[in-house]
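Following: one structure in structure tokens, then a few remarks.
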Amino acid sequence: MAESEVTVRATAIRVGAAALPYRERALAFMVRRASWHWAEAVPWLLIIAAFFVFPDRMTFGIQVLIAIMFALSLDLILGYAGIVTLGHAVFFGIGAYTVALLSVRFNWGEPISGLLAGTLVAGLCGLALGWLLLRYRGLTLLMLTLATATLLQEFGNYRSDITGGYDGVPGMEIKKLFGVFDNDLYGHTYYIYVGIVLFLVFVFVRRIVYSPFGQALTGIRENIRRMHAIGSPVHRRLVTAYAIAAAIAGTAGALFAQSTAYATLGVFDFDNSAKVMVMLILGGTGRLYGAFVGAVIYMVLEDNLAKASPAFWQFGIGLLLVLTVLFARRGLLGLIESAGEYLKKRRT
Amino acid sequence: MSTSALEVRALNRSFGALRVARDVNLTLEKGARRALIGPNGAGKTTLVNLITGALAPSSGEVLLNGENITALSQAARARRGLARTFQINQLFRGLSVIENICLAIGERDGECNNLWRSAGAKRSVLEEALDHLDALQLGDDALKLVRELPYGRQRLVEIAIALAQRPRVLLLDEPAAGVPSSESHLILDVVASLDPDIAVLIIEHDMDVVFRFARKITVLVAGAVFTEGTPDQIRTNPEVRAVYLGEEAHREARHG
Chain A
1 MAESEVTVRA TAIRVGAAAL PYRERALAFM VRRASWHWAE AVPWLLIIAA
51 FFVFPDRMTF GIQVLIAIMF ALSLDLILGY AGIVTLGHAV FFGIGAYTVA
101 LLSVRFNWGE PISGLLAGTL VAGLCGLALG WLLLRYRGLT LLMLTLATAT
151 LLQEFGNYRS DITGGYDGVP GMEIKKLFGV FDNDLYGHTY YIYVGIVLFL
201 VFVFVRRIVY SPFGQALTGI RENIRRMHAI GSPVHRRLVT AYAIAAAIAG
251 TAGALFAQST AYATLGVFDF DNSAKVMVML ILGGTGRLYG AFVGAVIYMV
301 LEDNLAKASP AFWQFGIGLL LVLTVLFARR GLLGLIESAG EYLKKRRT
Chain B
349 MSTSALEVRA LNRSFGALRV ARDVNLTLEK GARRALIGPN GAGKTTLVNL
399 ITGALAPSSG EVLLNGENIT ALSQAARARR GLARTFQINQ LFRGLSVIEN
449 ICLAIGERDG ECNNLWRSAG AKRSVLEEAL DHLDALQLGD DALKLVRELP
499 YGRQRLVEIA IALAQRPRVL LLDEPAAGVP SSESHLILDV VASLDPDIAV
549 LIIEHDMDVV FRFARKITVL VAGAVFTEGT PDQIRTNPEV RAVYLGEEAH
599 REARHG
């Protein structure tokens, strides 16, 4: 009885929508597109649930949240603007080192201002590097970003008196959050702290993606030639997006340094740049939540596989990546989306 | 002397030893209806690329409404009212039709500088986009992805984007190319009913279309302006018949 009622109402809505003149339908769709869907609550509920279900795995949970943020920043430029980069770890590293050096050299361990400083410095570096590098595209850009990351890492190694080299910055001390909450051994405080920052960053990125500027980024990804022809200042758009993504990667790096109270030149590793790209491709590019799915799968797999087989754990991730690229080009989220559409089509 | 909508002065461009544009002079008055014809490889599309700034000339000048735009980027020229369509579709294939148009409007009005407002929040932009689509009978397809449309309708989107730029000068590079003749009439109707204030330059191979549409025809051969005149002058010009129409007739004879 209740079920048939629901079906009837659903049909009524569908008929109603079809009866609307196409103009109204198009307008309604465009207006509603950016509004929140109920399903978007799911990842956040899961993040909250994880806090209660795995209270003793919170330090790992923090690293997962940081990885999500890092992947999300890459999604803005790779997934939306179509910028390929193998040097995104540069900005993660700059964020981490800003926090570390502020703490060690200037005895500035206050976390919130440290976080903002890391974000700002990484963003400014993104602005400068983006202005310089984004004249190039494709393979050239890939190699240039890779080279930049390596150069920066080597410079850090050369001045290891400042950076601490591959041994890391010694004696980092991060003060209590708001002067009250300490980073406890189990990471409970920081899980909440990082979770809140992730949510704020996500809302920010989501707004950008659905803004006219975000549309222009997608336009550049879809057809850069036409963007030039319709008068888009393509370089400026790309540099803006790149600087924002760099700032967010810097936020993630700053949180990493604060949560682990440690930073080494290893953060600039090619591995780190490649890892975040693999995460995003696994989850699905250009769809915001791909960063969540990809980062969680990657981190959990890495954690478990590394325990099961310390020598060969990367094989598992490699296999998954190959399968994704072969059979789910749009990532795991894209696969789920396609399955949903298929089922919907079969039902009607 | 009133300023012309578009003026090309002594434009040259070479690719190595190959001179693809030789001292090209071309003037489009306001509201002009000009056809650019010539055999394959005459440099018609190259000329469009030189005018729009996709290619830089070796020497020469391009003036838009009296302003020298030779040093300006392609995008800066577009923002000053110079629009083009492409011989091979250059569309945002993964986006819906209405978004394709909204992008053109957004970049025209500087809306796309906005990072914070939702793209659907400005109703005037959406309404205008729908008006452009309605004018080209694309309204029903507004929410479809461009790549899902048949080729003929994609050609219409190609024109709709250019019109959404509100151009003062419009360069159409074979607008009906690749479209079966059963559908091409729709595109040609659109071209025929363009706003009379826009200066239009059309590259077209179909001589019926050229003679019907153009008030003046420029014949380009081997990168240089061969001759220029009214449709009647061009039709009766024996040299044009020899280099161009003759070739066409020759080809028809061979295939027929």
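Protein chains in written order, with the working numbering: chain A, 1 to 348; chain B, 349 to 604.
Each residue gets a CB set at the ideal place from its N, CA and C atoms; glycine is no exception.
Computed from a predicted model, the values in this text were never measured in an experiment.
Limits of the unbroken beta strand (DSSP E) element including residue i
i        : result
PHE574/B : 572–577
ASN585/B : Unbroken run through ASN585/B: none, as it is neither H nor E.
ARG432/B : 430–432
SER338/A : Taken as a continuous stretch (DSSP letters only), SER338/A belongs to no beta strand (DSSP E), being part of the alpha helix (DSSP H) at 331–347.
One or two residues paired with residue i in a DSSP bridge
i        : result
LYS294/B : Residue 294/B is absent from the structure shown; chain B starts at 349 and stops at 604.
ILE551/B : LEU384/B, ASP521/B
SER444/B : LEU493/B
THR375/B : GLU355/B
LEU366/B : PHE363/B
ASN416/B : LEU411/B
PHE181/A : LEU177/A
VAL569/B : ALA572/B
Alpha carbon of residue i to alpha carbon of residue j, nearest angstrom
i        : j        : result
VAL588/B : THR393/B : 20 Å
ILE551/B : GLY138/A : 32 Å
ASP269/A : ALA89/A  : 7 Å
ALA245/A : ALA383/B : 47 Å
GLY109/A : VAL267/A : 20 Å
GLY93/A  : LEU519/B : 49 Å
VAL527/B : HIS533/B : 10 Å
ASN360/B : MET227/A : 26 Å
ALA469/B : VAL31/A  : 6 Å
ARG225/A : VAL278/A : 28 Å
ILE417/B : LEU301/A : 57 Å
PRO579/B : LYS564/B : 6 Å
LYS345/A : SER338/A : 11 Å
LEU398/B : ARG367/B : 13 Å
ALA117/A : HIS37/A  : 33 Å
ASP554/B : ALA404/B : 29 Å
VAL84/A  : PRO21/A  : 41 Å
LEU374/B : GLY577/B : 12 Å
THR575/B : THR324/A : 59 Å
LEU200/A : SER529/B : 55 Å
PRO498/B : ARG432/B : 21 Å
N- and C-terminal bounds of the alpha helix (DSSP H) containing residue i
i        : result
GLU355/B : That residue, GLU355/B, is in no alpha helix (DSSP H); its beta strand (DSSP E) goes 354–363.
GLN215/A : 212–222
THR400/B : 392–400
LEU65/A  : 58–74
TYR186/A : Note, TYR186/A: premise wrong, no alpha helix (DSSP H); not H, not E.
PRO43/A  : 41–53
VAL314/A : A small fix is needed here, since residue 314/A is Gln in this sequence, not Val. Residues 313–327.
HIS612/B : Outside the shown range of chain B (349 to 604) lies residue 612/B, about which nothing can therefore be said.
ALA404/B : No alpha helix (DSSP H) holds ALA404/B; DSSP gives it neither H nor E.
GLU24/A  : 22–32
ARG665/B : Absent from the structure is residue 665/B, since the part of chain B shown begins at 349 and ends at 604.
Under 7 Å between C-beta atoms of residue i and residue j
i        : j        : result
SER232/A : ALA419/B : no
ILE68/A  : ALA291/A : yes
PHE91/A  : GLY250/A : yes
ARG381/B : VAL567/B : no
PRO212/A : ASN462/B : yes
PRO544/B : GLY379/B : yes
ILE535/B : ALA524/B : yes
GLU222/A : PHE434/B : no
ILE230/A : ALA81/A  : no
ALA426/B : GLY391/B : no
LEU74/A  : LEU280/A : yes
ARG428/B : LEU412/B : yes
GLY123/A : VAL99/A  : no
ALA149/A : ALA263/A : no
VAL445/B : ASP489/B : yes
LEU376/B : ALA358/B : no
GLY358/A : GLY79/A  : Residue numbering for chain A in the displayed model covers 1 to 348; residue 358/A lies beyond these limits and cannot be assessed.
ILE77/A  : TYR242/A : yes
ALA295/A : ALA71/A  : yes
LEU142/A : LEU86/A  : yes
TYR191/A : ASN183/A : no
SER406/B : SER362/B : yes
GLY500/B : GLU522/B : no
Inset, instruction - Would you mind listing the alpha helix (DSSP H) stretches within the segment 96–172 of chain A that are 4+ residues and don't spill past its ends, in chain order? - result: 111–133, 138–158, 160–163
Inset, instruction - Jot down the residue ranges of each uninterrupted alpha helix (DSSP H) in the segment 465–490 of chain B, minimum 4 residues, whole runs only, in chain order. - result: 471–483
Legend entry - 4-residue-minimum alpha helix (DSSP H) runs that sit fully inside the segment 227–302 of chain A, ordered along the chain: 234–260, 270–283
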